[in-house]
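**Q** Chains as they are written, first to last, in the numbering used here: chain A, 1 to 126; chain B, 1001 to 1187.
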């Protein structure tokens, strides 16, 4: 099975999606000027995974910063996950936020309100 | 042309400007500005919460400039010496009375002034809860611009700062106006 690994940069997050274990991780910063281009490979892999997903898929989102340009792309990723969940894969989205970072917690709650997949808000102490 | 550099210095000093820039806004420039500001915020030993808020709002303000300049490639004042269009914008960040100030300025087409004014006024009318709902509605409306923005930037700035968007338009000539935005982030 395929695996997609994108190394992080000061403006883009590290992405790790292992289709053989059903684990998707997005970590770091997502503040590129043009985020569609950046998220395209991940969205395409999710589309392929959606055709034959594992019975369980876990998603870890641990972002330090993300811009509004990324926010729609992240929603796109979550919408793909929603489709995968409808297709029978059990999904949980773990949304990590640093202690006191209310903005990041709220951002997670915004997605939770839109996306029909269970979210788990996890506070991280640094 | 004589430039009274002390006058510049004095004004910037009195407004406690930490960083300012005038010129063409490129992706590389934004990366550099963000790196410098992150180091400065670290050195000032700001609380992580404040640091994140300032950094986030800064990203949105700078990327607004970046995308705006892209949308109107031939905007600006013609340089009398080269005859070329200058696509300049201005940006400043300072900290005064425990409050961060981010000021941006850029040319826009005069015909776009009213549309932008209406959008900003609409955002300014909303309460915290209404802003949250509006953000979610725009996020989820399926529209996505080429650059992936989709009109969330100003809503996000208003939401994160918890303050009204303080803006100003100045008409330069029939076609061109200058748009300035002054964002305050209280600690």
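Ideal Cβ positions, reconstructed from N, Cα and C, are used throughout, including at glycine.
Any beta carbon from chain B within less than 8 Å of residue 68 of chain A's own beta carbon?
**A** Within the first chain, numbered from 1, the residue matching residue 68 of chain A stands at position 68. With 8 Å as the cut-off, residue 68 of chain A counts as an interface residue toward chain B.
**Q** From residue 1073 of chain B to residue 1138 of chain B, what distance separates their C-alpha atoms?
**A** Residue 1073 of chain B sits at position 73 when you count from the first residue of the second chain. Residue 1138 of chain B sits at position 138 when you count from the first residue of the second chain. Residue confidence is low: residue 1073 of chain B scores 48 on pLDDT, short of 50, so the model does not pin down where it sits. Its coordinate-derived value is still stated next. Cα to Cα, the separation comes out at about 27 Å.
**Q** Note down, in chain order, all residues in the region 65-97 of chain A with a beta-carbon under 9 Å from any beta-carbon belonging to chain B.
**A** 65, 66, 67, 68, 69, 70, 71, 72, 73, 75, 76
**Q** Can you check whether the CB of residue 1052 of chain B is closer than 8 Å to the CB of residue 65 of chain A?
**A** By 1-based counting over the first chain, the position of residue 65 of chain A is 65. By 1-based counting over the second chain, the position of residue 1052 of chain B is 52. Contact flag set, yes.
**Q** Is it true that the CB of residue 49 of chain A sits closer than 8 Å to the CB of residue 75 of chain A?
**A** Along the first chain, read from residue 1 onward, the residue named residue 75 of chain A stands at position 75. Along the first chain, read from residue 1 onward, the residue named residue 49 of chain A stands at position 49. Not a contact, by the Cβ cut-off of 8 Å.
**Q** Between which residues of its own chain and residue 1153 of chain B is the CB-CB distance below 6 Å, once the five residues before and five after are set aside?
**A** Locating residue 1153 of chain B in the second chain gives position 153, where the first residue counts as 1. 1060, 1064, listed in sequence order.
**Q** Judging by CA-CA distance, which residue of B:1050, B:1092, B:1043, B:1009 is the nearest neighbour of residue 1030 of chain B?
**A** In the second chain, the residue the question calls residue 1030 of chain B occupies position 30. Here the closest residue by C-alpha is B:1092.
**Q** Determine whether the beta carbon atoms of residue 17 of chain A and residue 45 of chain A lie at a separation below 8 Å.
**A** For the purposes of this step, residue 17 of chain A is identified with residue 17 of the first chain, where counting begins at 1. For the purposes of this step, residue 45 of chain A is identified with residue 45 of the first chain, where counting begins at 1. The answer is yes: Cβ separation under 8 Å.
**Q** For residue 114 of chain A and residue 1141 of chain B, I'd like the C-alpha separation in whole angstroms.
**A** Translated into the one-based positions of the first chain, residue 114 of chain A becomes position 114. Translated into the one-based positions of the second chain, residue 1141 of chain B becomes position 141. One C-alpha to the other measures close to 11 Å.
**Q** Distance, Cα to Cα, residue 34 of chain A vs residue 1096 of chain B?
**A** Residue numbering aside, residue 34 of chain A sits at position 34 when the first chain is read from its first letter. Residue numbering aside, residue 1096 of chain B sits at position 96 when the second chain is read from its first letter. If I take the Cα positions, the gap works out to 33 Å.
**Q** Between which two residues does the beta strand (DSSP E) holding residue 1170 of chain B run?
**A** If you number the second chain from 1, residue 1170 of chain B lands on position 170. Element bounds for residue 1170 of chain B: 1166-1171.
**Q** Indicate whether at least one CB of chain A lies closer than 8 Å to the CB of residue 946 of chain B.
**A** Residue 946 of chain B falls outside the range modelled here, since chain B spans only 1001 to 1187, and no answer is possible.
**Q** By the criterion of Cβ-Cβ separation under 7 Å, what are the contact partners of residue 100 of chain A in chain B?
**A** For the purposes of this step, residue 100 of chain A is taken as the residue at position 100 of the first chain. Residue 100 of chain A reaches chain B at 1048, 1049, counting residues in chain order whose Cβ is nearer than 7 Å.
**Q** In terms of alpha-carbon separation, which member of B:1049, B:1005, B:1025, B:1034 lies closest to residue 1019 of chain B?
**A** Within the second chain, residue 1019 of chain B is the residue found at index 19, counting from 1. Of the candidates B:1049, B:1005, B:1025, B:1034, the one whose C-alpha sits nearest the C-alpha of residue 1019 of chain B is B:1034.
**Q** Please name the residue in B:1032, B:1165, B:1178 whose C-alpha comes closest to that of residue 1119 of chain B.
**A** In the second chain, residue 1119 of chain B corresponds to position 119, counting from 1. The option with the nearest alpha carbon to residue 1119 of chain B is B:1165.
**Q** Quick one: using the 10 Å Cβ neighbour count with 16 as the cut-off for buried, is residue 38 of chain A buried or exposed?
**A** Mapped onto the first chain, residue 38 of chain A falls at position 38. Buried: at least 16 other Cβ atoms inside 10 Å.
**Q** Note down, in chain order, every chain E residue with its Cβ under 7 Å from the Cβ of residue 113 of chain A.
**A** Protein chains A and B are contained in the structure displayed, whereas chain E is not.
**Q** Please go through the same chain and pick out, in chain order, the residues whose beta-carbon is closer than 6 Å to the beta-carbon of residue 1148 of chain B, but skip the five residues on each side of it.
**A** If you number the second chain from 1, residue 1148 of chain B lands on position 148. Note that residue 1148 of chain B has pLDDT 49, beneath the 50 cutoff, so the model's placement of it is unreliable and the number below is only indicative. There are no such residues.
**Q** Please check if any C-beta of chain B sits within less than 8 Å of the C-beta of residue 31 of chain A.
**A** In the first chain, residue 31 of chain A corresponds to position 31, counting from 1. Chain B contact via Cβ: present.
**Q** Given a threshold of 16 other Cβ atoms within 10 Å of its Cβ, counted over all protein chains shown, does residue 1008 of chain B qualify as buried or as exposed?
**A** As a working note, residue 1008 of chain B is residue 8 in the second chain. That one is exposed.
**Q** From the DSSP output, which residues share a beta bridge with residue 1136 of chain B?
**A** Residue numbering aside, residue 1136 of chain B sits at position 136 when the second chain is read from its first letter. Its beta-bridge partners do not exist; DSSP assigns none.
**Q** Would you mind sorting residue 1043 of chain B into buried or exposed? The rule is 16 or more other CB atoms within 10 Å of its CB.
**A** Position 43 of the second chain, counted from the start, is the residue given in the question as residue 1043 of chain B. With fewer than 16 other Cβ atoms from the protein chains shown falling within 10 Å of its own Cβ, residue 1043 of chain B counts as exposed.
**Q** Using a threshold of 8 Å, state whether the C-beta atoms of residue 1054 of chain B and residue 1185 of chain B are closer than that.
**A** In the second chain, residue 1054 of chain B corresponds to position 54, counting from 1. In the second chain, residue 1185 of chain B corresponds to position 185, counting from 1. The Cβ-Cβ distance between residue 1054 of chain B and residue 1185 of chain B falls below 8 Å.
**Q** Please return the same chain residues whose Cβ sits closer than 8 Å to the Cβ of residue 1016 of chain B, not counting the five positions on each side in sequence.
**A** Against the second chain, residue 1016 of chain B aligns to sequence position 16. So the qualifying residues of the chain are 1094, 1095, 1096.
**Q** Where do the ends of the alpha helix (DSSP H) carrying residue 108 of chain A lie?
**A** Here residue 108 of chain A refers to the residue found at position 108 when the first chain is read from its first residue. Taken as a continuous stretch (DSSP letters only), the alpha helix (DSSP H) holding residue 108 of chain A covers 102-114.
**Q** Which residue from A:14, A:29, A:52 puts its Cα closest to that of residue 205 of chain A?
**A** Because chain A is modelled from 1 through 126, residue 205 of chain A falls outside the range shown and cannot be assessed.
**Q** What does residue 10 of chain A reach in chain B if we use C-beta pairs closer than 8 Å?
**A** As a first step, residue 10 of chain A is located in the first chain; it is residue number 10 there, counting from the start. Those within 8 Å of residue 10 of chain A in chain B are 1031, 1034, 1035.
**Q** One question on the structure: do residue 26 of chain A and residue 57 of chain A come within less than 8 Å of each other, judged by their Cβ atoms?
**A** Working through the first chain from its first residue, we reach residue 26 of chain A at position 26. Working through the first chain from its first residue, we reach residue 57 of chain A at position 57. No, Cβ-Cβ distance for residue 26 of chain A and residue 57 of chain A is not below 8 Å.
**Q** Relative to chain A, which residues along the region 1150-1161 of chain B have a C-beta separation below 7 Å, given in chain order?
**A** The residues in question are 1150, 1152, 1153, 1156, 1160.
**Q** When the cut-off is 8 Å and only beta carbons count, does residue 1148 of chain B lie next to chain A?
**A** Working through the second chain from its first residue, we reach residue 1148 of chain B at position 148. At residue 1148 of chain B, the pLDDT of 49 sits below 50, so the modelled position is not reliable; the number obtained from the coordinates is stated separately. Chain A contact via Cβ: present.
**Q** Once you ignore the five residues that flank residue 42 of chain A on each side, which residues in its own chain have a CB closer than 6 Å to its CB?
**A** In the first chain, counting from the first residue as 1, residue 42 of chain A sits at position 42. 15.
**Q** Residue 59 of chain A and residue 85 of chain A look like a contact to me (Cβ under 8 Å); what is the Cβ gap, rounded to whole Å?
**A** For the purposes of this step, residue 59 of chain A is identified with residue 59 of the first chain, where counting begins at 1. For the purposes of this step, residue 85 of chain A is identified with residue 85 of the first chain, where counting begins at 1. Contact flag wrong, Cβ pair sits at about 10 Å.
**Q** When DSSP labels each residue in this structure, what does residue 1018 of chain B get in the three-state scheme?
**A** Here residue 1018 of chain B corresponds to residue number 18 of the second chain, with the count starting at 1. Strand at residue 1018 of chain B.
**Q** For residue 1049 of chain B, which option in A:103, A:70, A:120, A:71 has the closest C-alpha, if you only look at C-alpha atoms?
**A** Locating residue 1049 of chain B in the second chain gives position 49, counting from the first residue. Residue A:103 is the option with its Cα nearest to residue 1049 of chain B.
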